[in-house]
Structure formats: structure tokens, C-alpha cells
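Since the structure comes first, as C-alpha cells, the remarks are kept for the end.
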Amino acid sequence: MSTRIIPHLHWYHSRRINPKRVITNSTPILNEHCLIRIFELLAEDSNSLFCCALVSRFWCIYALPILWRNPWFYIKNSGTGSDRWRTGLITTYVATLPQSSKDILSRAGIKPPCITKNPVFDYSCFLKGLHICSLEVHVIFWILLVTGVTIENGRVIVINPTLRKKIFIVIQELMRLFFRKSSVLYNLNAGSGIIVPEILANVITEIPEAKKVLKKLRTFTCGSTVNTTKFMAKIVSTLSNYSRNIQQLEIHPYEDINELSKLINVQKYLSTISMEENLTSGNIRQISWKNTNGAPYEIIKKAQFITRLTIGRMYFPIEELSNFVNLEELILSSFGDQDYPRSKWIQLTGVSLKKLKLF
9 MSTRIIPHLH WYHSRRINPK RVITNSTPIL NEHCLIRIFE LLAEDSNSLF CCALVSRFWC
69 IYALPILWRN PWFYIKNSGT GSDRWRTGLI TTYVATLPQS SKDILSRAGI KPPCITKNPV
129 FDYSCFLKGL HICSLEVHVI FWILLVTGVT IENGRVIVIN PTLRKKIFIV IQELMRLFFR
189 KSSVLYNLNA GSGIIVPEIL ANVITEIPEA KKVLKKLRTF TCGSTVNTTK FMAKIVSTLS
249 NYSRNIQQLE IHPYEDINEL SKLINVQKYL STISMEENLT SGNIRQISWK NTNGAPYEII
309 KKAQFITRLT IGRMYFPIEE LSNFVNLEEL ILSSFGDQDY PRSKWIQLTG VSLKKLKLF
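Following my numbering, the numbering of the sequence shown begins with 9 at its first residue and continues without gaps.
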């Protein structure tokens, strides 16, 4: 695996590290609190953060958790999109699976690439963000690699039932690993994916540790298709019981499943809402903001706490804006009827949003 994005430090694997014993004369005298603050400032700069991890073993101890808390971010923003990053990430995670999971992979005919030494770090312990669509894409490329399938540029990948089963098994074992090892997830993007929604829905209800892991969830992205609606409903329903500290909720594409209204209702600190219809849908989505069983109605009930609101390609009643008294950012895109009357726009003159900074 390349060490420019997610370092798998082979030189480091010879022995476990005691941070109190690794400071040498050449190591800058900075305590762990200073290092952590510096590394946090570099959290979005993987190259600089990786260089810090190479300074010494002491620095490595505090840099790696930040590098590995949301690895999907670095790969997405690397500018390369290389399959090497995807497969290397999954290879590293698979290497940290418990033997029981490795046996399951073996019985399914899945043979991971050999690595020279087992990882010293349990990388899944560092995980603080999970993007299920990215996980699915990475595992697909990884399965194609280990099964010897060659991908030509521009070629459409057809997932046959055999490959799909293997992909399902790998994602399932990794998901179980994440929810057993991670202490907390702050960000969960469950907005897309074909295979993963079903697995996520099952894992978070089957694994006892999931309740603790999801308790402090801050950002949740959801969305469903015809084939994943029932699994998304199960995910949202589970989060309604586990996660009541969500601050940012993104619904892309919008689907008003019954469980969504309950999720919004139980939140204590919800301040950012984003609801958008698919770009490919064409027409503006007509939804009701007065249906007492719907998610839009729950949003109106929490209007005074919302500071950021985004509505895209769906109907939004202008007259309700006056309820969002603490709104700081408002983005409305294709939000009215096709024959939106001038009288509706005139209503804006009577709306006072004193804290609004961006429109």
C-alpha cells in the first residue's frame, strides 16, 4: 500500500511502542498535548500529517489516529482516484480482522494479498467516520484484485452472483470489525450504496457495541433507492434509539420514510438540515410540510434551533421561513412550484431573519 495517503509503517512493526521510552536526543521536546493540537490543524493535509508520522515513533503514535479516523476523506480528496489506494486500505483492514473472520473469508474462497508483517496498530480502533458507499466501492475493487479480474479503462464492471457474495462477506466482516473496535463514530454517511445498506442495518442491530459507538453521532447522511428503502428505514429507526446528539442531518436523495420523522423529533442539538432530490429526477419534488407524520413537519417544529438550511429541487413554503429565527445560512434551489405565483415571493418582504449571513 502506498504510504503517501494512509501509511502502513513497515519499519514500525518490529515491536510494540511505549511512548515514554521512544524520546531520543533528536526528538523535539513537545508533549503529546502540543503534538495533538498541531496534528489537528493538519487533519485535512494527509501529506504533511504523514511526514509528521515519520519524524519519530513518539510522533507517529499521535499522528496515526488522526490519519486513520476518516481514511475515506483522504482517498476521495487525493486527486488520483487510484485503485491502489482503495485496495491498499482494504488490505490493511483485512489484515487486522480476527482469525474467525479470516476463516470466513477463506471458506468463501477469498485469499487476501500477503503482507510482510502483521500491522502493529489496530487501525479500526481509530475510525471515527464511516462512508458506506466508499467502503462498498473499495471492497469491490479489492475483490476484483484478489480474484484476478482485470479492469480496463472505461470498462463497466458487471458484478455476477459469485462476486457479489464475496463482496457481501468482506463488507460484513469489516463492518463487524468497525463496530466492535471503534470507540465512537462522529460521522456516518449511509446515503448510497447497493450492498452495504442491508449489511449496516443488520450489524448495528446485532452487535451490542453499536449502541455505544453511535451514541455521540454528530453528522448523519441518509438516502434510499427503491431497492434499499426498507434497509434505510431500519437504519434510521435504530439511530432514533441510539443517536440523539446529531447536529447535522443530510437527506440525499430525499425519501420521507416514517422513521425519519422520529429521528428528527428526538434530536437535542440539530442545527443543520439539508434535503435534496436527485439531479436526474427532472421535476421539482412536491412534498407536504403540514403532514404531522412527516419529516418536514418535524423540521418546522425545530425551526428555531436550525442555523443552516438547504432545500434542493423540492417544494418549500416561503411563509415558513419566519419560524427559522436563528437561521444563518439559507440555500434554496428549485424549491417552488413550476407556476410559483408572484404573491408568494412578496411574502419574503415580511420575513425577518436578522442572523442570516448567507443566502
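For every residue, glycine included, the Cβ atom is placed at its ideal position computed from N, Cα and C. Here the structure is a predicted model, which means the values were calculated and not measured.
| Item | Value |
| --- | --- |
| I need the boundaries of the alpha helix (DSSP H) containing E214, first residue and last residue. | V204 to E214 |
| Let me make sure I understand the geometry here. Which of V244, L57, S190 and K362 has the alpha-carbon closest to that of E337? | K362 |
| If we ignore side chains and look at the alpha-carbon of each, how far apart do F239 and L196 end up? | 15 Å |
| Return yes when the Cβ of I314 is within less than 7 Å of the Cβ of F332, no when it is not. | yes |
| Pairs of beta-carbons, one from the segment 99-112 and one from the segment 185-192, closer than 8 Å: are there three or more? | yes |
| Among P304, V178 and L138, which has the Cα closest to the Cα of T227? | L138 |
| How long is the line joining the alpha carbons of K276 and M322, rounded to whole angstroms? | 26 Å |
| Specify the secondary structure class of N334 as computed by DSSP and reduced to three states. | coil |
| According to DSSP, L340 sits in a beta bridge with which residue or residues? | I319 |
| Roughly how many angstroms lie between the CA atoms of R12 and G96, to the nearest whole one? | Any reading at R12 is ruled out, since the residue's pLDDT is 44, under 50, leaving its predicted position unreliable. |
| What is the DSSP secondary structure of F47, reduced to helix, strand or coil? | helix |
| Scan the segment 211-252 and note each continuous alpha helix (DSSP H) run of 4 residues or more that stays entirely inside, going in chain order. | 217-221 and 237-250 |
| So for H139, helix, strand or coil by DSSP? | strand |
| Just to confirm before moving on: does the CB-CB distance between K174 and I203 stay below 7 Å? | no |
| Taking the alpha carbon of L271 as the reference point, which residue from Y262, N286, P261 and N253 has its own alpha carbon closest? | N253 |
| Below 6 Å CB to CB, which residues in the same chain sit around C122 once its five sequence neighbours on both sides are set aside? | none |
| In angstroms, rounded to a whole number, what distance separates the CA positions of T318 and D111? | 46 Å |
| Just to confirm, is the Cβ distance from M283 to Y262 under 7 Å? | yes |
| In the DSSP assignment, find the beta strand (DSSP E) that holds Y197 and state where it starts and stops. | First, the amino acid is wrong: residue 197 is Asn here, not Tyr. Note, N197: beta strand (DSSP E), N195 to A198. |
| Could you give the distance in angstroms between the alpha-carbon of F129 and the alpha-carbon of N55? | 20 Å |
| Would you list the one or two residues that DSSP bridges to S282? | E258 and T318 |
| Once you ignore the five residues that flank S330 on each side, which residues in its own chain have a CB closer than 6 Å to its CB? | V359 |
| Does the distance from the C-beta atom of S296 to that of E267 stay below 7 Å? | no |
| Short of 6 Å in beta carbon distance, which residues of its chain neighbour F367, apart from the five on each side in sequence? Order them along the chain. | L338 |
| Would you report the Cα separation of E206 and E181, rounded to the nearest angstrom? | 13 Å |
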